[in-house]
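Chains as they are written, first to last, in the numbering used here: chain A, 479 to 998; chain B, 479 to 998.
A short write-up of the structure that comes next.
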């Protein structure tokens, strides 16, 4: 499509916003527009300045914007419709926010003069935005609209990245007087490396855990330095359960994660009397449980925050390595044995994935319980990026994969998708088909909210039929191949390892979307 | 399942809430629970006091609770999970709220002691609830938890009905000390009939519109009285575009609605210099448009509010009829001619539905543009209840139908479902299959957000390929029969009137769910 880069003498507010966002480097708009966003649809159409990706549900839109940002390293813009449309996108705004992934949401509201009349769609848009945004503003004039959008973009790109939501009364979009605004200044400089480097170095030893997340994990050199530090001091390096992005695989050093299940998490961290944190906070249980602590580090554990979540983790790691004279180290990682033919189990699906993963793949992980062995098995797989659920709001995998594929069309995407979670944003498969996204969705079909059964036992219940009915998905069984085909995505069901291997190889070799339902 | 009606000596907070809600007449729980609601799942299971209906997405849960309440005349309770889960249910809470349909939401939050740690799912639950609730409270002790739930129920059942959201930190559910609370007092008495009856009677004439909604429309006798009043005075009776419930069909008087499209709406109301309102507010455009007013009644129109949305509409109608000496009147309504064989068009699908509708059917209307002729055509159809989208937040039809079928298992449900809107809560088909709900979903497959094309023209655009791409759903086409079968609902696609008639007859004769995709 031809781009119209020369702003006309007169333009409406919507066009000034589109032109300003484009001028500041925003290239993609994920949208589920309604009436109050029609002037944006019109401006995007007339200018041809952005790639527009339609989602059939707002959770697809915000999740895709998150996946895009994690892989492109810059935000997309979303178009959402009033308070209910925004709420529909809220869960994946939450995930982006917890992952510190940048996002700019443009939410249409009623025209200013229409607000007082309590029209059917009237509700508190700012109120709906605030729990899931770091920055919220309602634009107030066509003239200032683009400048507001640049403030939203600046907020999104400030360090650490944020979710910024700009609410746009419809008349500001169609009113004349729009003024293109200059791109925001570069992101706030990150704070200098802290002065606690020597203290951190002195704390390291076999009873010390080095907990790292954030930008460190997307920097293989920083991770190799951490392994050098660990080799020299005997400290253990761990990442939190949830992380924005991890670049790993053969030739790169891996890091184990704090497990999700509360007892395993406590057990993993029990040996440590000291903890040094880099771009993360003291690890916390996902949920509270009767008789279990909320904080996962042992009581009395000495904690040093070497670099905060707003700090420069890789610089802190480099300074620590220099202080210790440690050299980067990449531990040998091997692939698991090729899985034997037979039923699909946690270990065999993990091994099959590890062997099938092509170079430069992007793995999107919302496998919850079903994929528990995949992380370990893929450390020796071909180099890849790993992005996963960060805020615990399930329904993120299919949208994240869509956004990642839009950001990196040359890289194959493999989504490890739990079946229960898949159903929250299943509509994203249609957008994958429409965009020809090179995504393979692997459904871990255990036909249950398996994780909730564990949780039910964890609160001390002895579940009967009615409780299990609330957690089982097998009445009726969901046929994911039918759902995929219904939305234009080719699909196959596999019931044994050999079928799984064949399907994975075929999917990785073919461009475009594909779904594999693996019965476990 | 056996019910355990005798409360134990000691119980936890969750059990006290379940027992109290049941004691106050709440019989159904629509749920999409997570970890923080496990003690409710356990209490529901152990006591066997409620029917539990699982939704795979929270919008299904809240929409079903709305449909249940509209047909049962009392609220169900929902179980939702933290701020993101609540947000997922927000759009259909909004629809219920705008329709003044009662709902009690129980939203699990982190345990009180876990709140300060910013666990991944931590967010402002009260903030997320407020834009979509009339009443919000966070419970603060196991002892007071059931009393809080009774306050929520009282709020939901106050007049007019409300959406009440009670947030429940997880530890209050599992802590001992729960105390069963007595049912709330009966709903606040509705205000007496206003004293403006004589004035209203004097205002009625050929230039007067009588706008009525709320409980009047579910009361065929009140509607017949309105027709008597109209016949005697020459006034015109109209209902707003969106209404909670309308009991109509052969032998009952009908009422035309103010049309949705702004120009048609203005045209319909242009003749009137006086308006008398009963259980409704002055009609407002769904959206503002450049050059069009927000209020739909002509400027200078004299407006009398005979009974507010918190008033007793049927009593006001009765008083007005007495004042005028008008007798109830049911205008003759005829069925449209049996449609001729041929392609499926607006008129032919409307006629086919009118002839197929069985006695006591419940029609759920989210047909948007595709079903525009069905309202008129079905006035002479077998007596039925009509429930429709009230808050403009699309994605309500499939869930409303689920809830209506749970409330009235002996009544067949027919959902008139636009294709674009269907995709927001398509997961509800699975719950329909699981519950054996007697619902026929008729998809109006025009493969476009047709209404948005109209809206795009209404803001003055001349759309090109990229704009139409954001509004068309035909790349790829969605195969709704595959989606339905994938979730256990039998389905058929029909492409002509004869096929449609056969499919409708078959679906109406069979129990259980069915989906018909009608290509238009």
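A virtual CB, placed ideally from N, CA and C, is assigned to each residue, including glycine.
Beta-carbon proximity check, residue 679 of chain A vs residue 802 of chain A, cutoff 8 angstroms: The beta carbons of residue 679 of chain A and residue 802 of chain A sit closer together than 8 angstroms.
Nearest neighbour of residue 863 of chain B, chosen from B:972, B:974 and B:730 [CA to CA]: B:730
Nearest residue (CA-CA) to residue 952 of chain B, options B:608, B:865 and B:923: B:923
contact_flag[the region 822-833 of chain A, the region 847-855 of chain A] where n(CB pairs < 8 angstroms) is 3 or more: yes
Residue span of the beta strand (DSSP E) that contains residue 780 of chain B, given as start and end: 780-785
8 angstroms Cβ cutoff, residue 652 of chain B in contact with chain A: yes
Per DSSP, cross-strand counterpart(s) of residue 615 of chain B: B:644
Interfacial residues, the region 776-796 of chain A to chain B, with Cβ spacing under 7 angstroms: none
Heavy atom of the ligand GTP within 7 angstroms of residue 655 of chain B beta-carbon: Summarising the ligand content, the structure contains no ligands, and the ligand GTP is consequently not present.
Chain-order list of residues whose beta-carbon lies under 6 angstroms from that of residue 606 of chain A (same chain, five-residue window excluded): If we look at residue 606 of chain A and ignore the five residues flanking it on each side, its Cβ neighbours are 561, 564 and 565.
Buried versus exposed, by CB contacts within 10 Å (16 or more), residue 753 of chain B: buried
Inside the region 715-745 of chain B only - beta strand (DSSP E) runs reaching at least 3 residues: Contiguous beta strand (DSSP E) elements confined to the region 715-745 of chain B occur at 724-726, taking only those with 3 or more residues.
Through-space distance from residue 793 of chain A to residue 979 of chain A, alpha-carbon basis: Distance between the alpha carbons of residue 979 of chain A and residue 793 of chain A: 41 angstroms.
Pairwise C-alpha distance: residue 867 of chain A and residue 635 of chain A: In a straight line, the C-alpha of residue 635 of chain A is about 21 angstroms away from that of residue 867 of chain A.
Distance CB(residue 600 of chain B)-CB(residue 593 of chain B) smaller than 8 angstroms: yes
Uninterrupted beta strand (DSSP E) stretches inside the region 747-823 of chain B (no shorter than 3 residues): Listed in chain order, the beta strand (DSSP E) elements of length 3 or more contained wholly in the region 747-823 of chain B are 752-756 and 780-785.
The region 670-678 of chain B in contact with the region 640-649 of chain B per 3-pair CB rule at 8 angstroms: No, the region 670-678 of chain B does not touch the region 640-649 of chain B.
In chain order, each beta strand (DSSP E) run of at least 3 residues that lies wholly inside the region 838-915 of chain B: 839-844, 862-866 and 891-896
is_contact[residue 552 of chain B, chain A] using C-beta, thresh 8 angstroms: no
Closest Cα partner of residue 767 of chain B within the set B:750, B:744, B:587 and B:722: B:744
Residue 574 of chain A and residue 641 of chain A closer than 8 angstroms at C-beta: yes
CA nearest to the CA of residue 759 of chain B, picked from B:836, B:691 and B:811: B:691
Status (buried if at least 16 other CB within 10 Å, exposed otherwise) for residue 917 of chain B: buried
Residue 559 of chain B: first and last residue of the uninterrupted beta strand (DSSP E) it sits in: 555-559
Outcome for residue 800 of chain B when other beta-carbon atoms lying within 10 angstroms are tallied against a minimum of 16: exposed
Cβ of residue 517 of chain B within 8 angstroms of any chain A Cβ: yes
Residue-chain proximity (residue 971 of chain B, chain A), Cβ-Cβ < 8 angstroms: no
Top-ranked residue by Cα proximity to residue 664 of chain B, from B:639, B:632 and B:652: B:632
Residue 816 of chain B classed as buried or exposed, judged by whether at least 16 other C-beta atoms fall within 10 angstroms: exposed
For residue 657 of chain B: DSSP bridge partner residues: Partner(s): none; residue 657 of chain B has no beta bridge.
Contact with chain A by residue 908 of chain B, beta-carbon distance below 8 angstroms: yes
Range of the contiguous alpha helix (DSSP H) that encloses residue 689 of chain B: Residue 689 of chain B: not part of any alpha helix (DSSP H); member of the beta strand (DSSP E) spanning 686-690, first to last residue.
Distance, residue 619 of chain B Cα to residue 533 of chain B Cα: 29 angstroms
Whole-angstrom distance between residue 869 of chain A and residue 736 of chain A, CA atom to CA atom: 15 angstroms
Cβ of residue 596 of chain B within 8 angstroms of any chain A Cβ: yes
Test item: CB-CB of residue 885 of chain B and residue 842 of chain B under 8 angstroms: No; because the gap between Cβ atoms is not below 8 angstroms, this pair is not in contact.
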